[in-house]
Amino acid sequence: QVQLVESGGGLVQAGGSLRLSCAASGTLFSDNAMGWYRQAPGRQRELVAQITNGGTTDYADSVKGRFTISRDNVKNTVYLQMNSLKPEDSAVYYCHLKYGWSEKPKYWGQGTQVTVSS
Numbered sequence: 196q197v198q199l200v201e202s203g204g205g206l207v208q209a210g211g212s213l214r215l216s217c218a219a220s221g222t223l224f225s226d227n228a229m230g231w232y233r234q235a236p237g238r239q240r241e242l243v244a245q246i247t248n249g250g251t252t253d254y255a256d257s258v259k260g261r262f263t264i265s266r267d268n269v270k271n272t273v274y275l276q277m278n279s280l281k282p283e284d285s286a287v288y289y290c291h292l293k294y295g296w297s298e299k300p301k302y303w304g305q306g307t308q309v310t311v312s313s
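For the record, in the sequence shown the residue sitting at position 118 is 313 according to the working numbering, with numbers rising by one throughout.
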């Protein structure tokens, strides 16, 4: 089993920045990807960004150039640096871990709220 613990959400004004962290504990297989989904009220959960342990990344078009994902493989921790935040970025952000780039997430974090005020 794997547990994912997120931190770093909060309230920020438009144009501001936040950094999310997600630490994985338990037994992880070596070939994995970690990242973030988000879900706003009344909307489907959507992929924000993900990164493999080899450093391959993928971003939603809506966050390219503003968000940066990174990870520390020793600490099994993934980070999401969010800059130039917009009100439409407001959502609950969920950390995930998957085995296989095209597979569905196998594990989820509890979620952390990000609210961007205009």
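We put the beta carbon where it would ideally sit given N, CA and C, even for glycine.
Within the stretch 245 to 307, the beta strand (DSSP E) runs of at least 3 residues that lie entirely inside it are, in chain order, 252 to 254, 262 to 267, 272 to 277 and 286 to 293. Fewer than three Cβ pairs drawn from the stretch 214 to 223 and the stretch 234 to 242 lie within less than 8 angstroms of each other, which leaves the two stretches out of contact. Straight through space, the alpha carbons of Asp256 and Leu275 are spaced by roughly 15 angstroms.
In the three-state scheme derived from DSSP, where H, G and I count as helix and E and B as strand, Gln239 is classed as coil. As the crow flies, the alpha-carbon of Thr310 is around 6 angstroms from that of Gly205.
In terms of Cβ geometry, Asp226 and Thr247 form a close pair [threshold 9 angstroms].
According to the DSSP assignment, Ala219 belongs to the beta strand (DSSP E) that extends over Leu213 to Gly221.
Between the beta-carbon of Tyr232 and that of Tyr289 there is about 5 angstroms, and that keeps the pair under the 8 angstroms contact cut. For Ala209, there is no enclosing beta strand (DSSP E), as DSSP gives it neither H nor E.
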